[in-house]
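Colleague:
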Amino acid sequence: LCTNPVHPRPLLLHIPTMQKLLVALALAPASGLVAPLTGKATLSKVAGGKADLEALCAENPTALGFEGIWDPLGCADYDFWGLGNDATIGYLRHAEIKHGRIAMAGFLGFLAQSTPLVAGEHAILPYRGYVPDVTPQEQWANIPLIGKLQILVFVGMLESYGEGAGFPEGYQHYVKGGLPGYYPPIAGRAGFGQVTFDLYKPFPIFPEQSAEQKERGRRVEVNNGRLAMLGLFSLLSESAAPGSVPALDGIESFPKYAGNVMMPFEGDFSFF
Numbered sequence: 001l002c003t004n005p006v007h008p009r010p011l012l013l014h015i016p017t018m019q020k021l022l023v024a025l026a027l028a029p030a031s032g033l034v035a036p037l038t039g040k041a042t043l044s045k046v047a048g049g050k051a052d053l054e055a056l057c058a059e060n061p062t063a064l065g066f067e068g069i070w071d072p073l074g075c076a077d078y079d080f081w082g083l084g085n086d087a088t089i090g091y092l093r094h095a096e097i098k099h100g101r102i103a104m105a106g107f108l109g110f111l112a113q114s115t116p117l118v119a120g121e122h123a124i125l126p127y128r129g130y131v132p133d134v135t136p137q138e139q140w141a142n143i144p145l146i147g148k149l150q151i152l153v154f155v156g157m158l159e160s161y162g163e164g165a166g167f168p169e170g171y172q173h174y175v176k177g178g179l180p181g182y183y184p185p186i187a188g189r190a191g192f193g194q195v196t197f198d199l200y201k202p203f204p205i206f207p208e209q210s211a212e213q214k215e216r217g218r219r220v221e222v223n224n225g226r227l228a229m230l231g232l233f234s235l236l237s238e239s240a241a242p243g244s245v246p247a248l249d250g251i252e253s254f255p256k257y258a259g260n261v262m263m264p265f266e267g268d269f270s271f272f
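Read in order, the letters of the sequence shown correspond to residues 1 to 272 in our numbering.
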């Protein structure tokens, strides 16, 4: 959110309340993928509450070198919307996993869109108004408004399906003890039956994994997602403020962007 008030007023919200609002807004839903479970969904170790979350942190150490939960805002003690602390932890874990997935896609997308293969000339224009040799952010800005809305509607549909898609047999919601990050099968269920493929595994080309392999994969995914969130913000920061990320500042052809990435419809309309 970007505003420029002429007469700023003092902040009246209590600090703990402000923290809760910031966390809730920052962890708004995003679409996510994960391997579907066969049969009845088993509960994740983190589904039981804060004690299990602490156990998971101990089993999945990071490079930061601290013990226990890194929780400067005290999120592990919150109670969102009266759901209870255990449900809140399930919500926050699910949101972190999905944001990590989006960040991984965004990081790779930024790199791909910076290459001549994607950003260069095309015999068939990918969309009306396409302009070659511009930054990834400018590529988004050049998409017609109706195209942007189609993308958002598609993502919203996936998010809606991810919340149950008809609640298939064995499905348990992540705020009710279900597995955080789990995306249920949607083939034949979503879009009045028009969706014929599952999101994670549209074709049976992946070998079946053991429970131990799935558990390890989920931990790797969380760690990779956290790294991708930092990586994506480093790309956006250097692009908007050259020199803010010294490791990227030395790349002569690094994409620069003068617009505001926090206003995705800046070129289409504005409420301010």
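Idealized CB from N, CA, C, for every residue including glycine.
Computed from a prediction, not measured in an experiment: that's the story for all the values here.
1) Would you mind working out which of 248, 218, 228, 229 sits nearest residue 57, comparing C-alpha positions?
2) DSSP on residue 172, reduced to helix/strand/coil?
3) Leaving out five residues before and five after residue 150 in sequence, what residues of the same chain have Cβ atoms less than 8 Å from its Cβ?
4) How big is the Cα-Cα spacing for residue 78 and residue 121?
5) Would you check if the distance between the CB atom of residue 180 and the CB atom of residue 93 is smaller than 8 Å?
6) Which of helix, strand or coil does DSSP assign to residue 256?
7) Taking 8 Å as the cut-off, decide whether the C-beta atoms of residue 175 and residue 55 are in contact.
8) What are the start and end residues of the alpha helix (DSSP H) that includes residue 154?
9) What did DSSP end up calling residue 139 once you bin it into helix, strand or coil?
10) Give every residue of the same chain whose Cβ lies closer than 6 Å to the Cβ of residue 235, excluding the five residues on either side of it in the sequence, and list them in chain order.
11) One question on the structure: do residue 268 and residue 158 come within less than 8 Å of each other, judged by their Cβ atoms?
12) Give the straight-line distance between the Cα atoms of residue 197 and residue 250, rounded to the nearest whole angstrom.
13) Considering only residues of the same chain and omitting the five flanking positions on each side of residue 68, which have a CB-CB separation below 8 Å?
14) Locate the alpha helix (DSSP H) running through residue 57, then write down its first and last residues.
15) Helix, strand or coil for residue 70? Go by DSSP, reduced to three states.
16) If you draw a straight line from the C-alpha of residue 214 to the C-alpha of residue 138, how long is it?
17) Helix, strand or coil for residue 269? Go by DSSP, reduced to three states.
18) Apart from the five residues just before and just after residue 232, which ones in its own chain have a Cβ nearer than 6 Å to its Cβ?
19) Reducing DSSP to helix, strand and coil, say where residue 229 ends up.
20) Within the same chain, show all residues whose beta-carbon is closer than 6 Å to that of residue 276, passing over the 5 residues directly before and after it, in chain order.
21) Alpha carbon to alpha carbon, how far is residue 160 from residue 90?
22) Would you mind working out which of 73, 239, 182 sits nearest residue 199, comparing C-alpha positions?
23) Go ahead and label residue 98 buried or exposed: buried means 16 or more other beta carbons lie within 10 angstroms of its beta carbon, across all protein chains shown.
24) According to DSSP, is residue 187 part of a helix, a strand, or is it coil?
25) Considering Cα atoms alone, identify which of 152, 237, 119 is closest to residue 133.
Modeller: To lay it out plainly:
1) Numbered from 1 along the sequence shown, position 57 holds the residue referred to as residue 57. Residue 218 is the option with its Cα nearest to residue 57.
2) Counting from one through the sequence shown, the residue named residue 172 turns up at place 172. Of the three classes helix, strand and coil, the one that applies to residue 172 here is coil, per DSSP.
3) Position 150 of the sequence shown, counted from the first residue, corresponds to residue 150. None.
4) Taking the sequence shown and counting its residues from 1, one reaches residue 78 at position 78. Taking the sequence shown and counting its residues from 1, one reaches residue 121 at position 121. Taking the straight line joining both Cα atoms gives about 51 Å.
5) The count along the sequence shown starts at 1 and reaches residue 180 at position 180. The count along the sequence shown starts at 1 and reaches residue 93 at position 93. Contact: yes.
6) Position 256 of the sequence shown, counted from the start, is the residue given in the question as residue 256. Three-state DSSP puts residue 256 in coil, outside helix and strand.
7) For the purposes of this step, residue 175 is taken as the residue at position 175 of the sequence shown. For the purposes of this step, residue 55 is taken as the residue at position 55 of the sequence shown. Not a contact, by the Cβ cut-off of 8 Å.
8) Here the question's residue 154 lines up with position 154 in the sequence shown. Residue range 145-162 is occupied by the alpha helix (DSSP H) that includes residue 154.
9) As a position in the sequence shown, residue 139 is number 139, starting the count at 1. In this structure, residue 139 counts as helix in the three-state DSSP scheme.
10) The residue labelled residue 235 in the question sits at position 235 within the sequence shown. Around residue 235: 110.
11) Position 268 of the sequence shown holds residue 268. Position 158 of the sequence shown holds residue 158. It is not a contact, given that the beta carbons lie outside the stated cut-off.
12) The sequence position of residue 197 within the sequence shown is 197, counting from 1. The sequence position of residue 250 within the sequence shown is 250, counting from 1. Those two C-alpha atoms are separated by around 44 Å.
13) Here residue 68 corresponds to residue number 68 of the sequence shown, with the count starting at 1. Excluding sequence neighbours, residue 68 sits near 54, 57, 58.
14) What you label residue 57 is simply residue 57 of the sequence shown in a count that begins at 1. Its alpha helix (DSSP H) spans residues 50-59.
15) Position 70 of the sequence shown, counting from 1, holds the residue named residue 70. Note: residue 70 maps to coil in three-state DSSP.
16) Mapped onto the sequence shown, residue 214 falls at position 214. Mapped onto the sequence shown, residue 138 falls at position 138. For residue 214 and residue 138, the distance between alpha carbons rounds to 38 Å.
17) Sequence index remark: in the sequence shown, residue 269 carries index 269 (1-based). Here residue 269 sits in coil by DSSP.
18) The residue labelled residue 232 in the question sits at position 232 within the sequence shown. Correct list, in chain order: 103, 106, 107.
19) In the sequence shown, the residue the question calls residue 229 occupies position 229. DSSP places residue 229 in helix when its eight states are reduced to three.
20) Here the chain has residues from 1 to 272 only, and residue 276 is not among them.
21) In the sequence shown, residue 160 corresponds to position 160, counting from 1. In the sequence shown, residue 90 corresponds to position 90, counting from 1. Their backbone Cα atoms lie some 18 Å apart in a straight line.
22) In the sequence shown, the residue the question calls residue 199 occupies position 199. Considering only alpha carbons, the answer is 182.
23) Here residue 98 corresponds to residue number 98 of the sequence shown, with the count starting at 1. By the neighbour-count rule (16 or more Cβ atoms within 10 Å), residue 98 is buried.
24) Taking the sequence shown and counting its residues from 1, the one referred to as residue 187 is at position 187. In the structure shown, the three-state DSSP call for residue 187 is coil.
25) Within the sequence shown, residue 133 is the residue found at index 133, counting from 1. The candidate whose alpha carbon is nearest that of residue 133 is 119.
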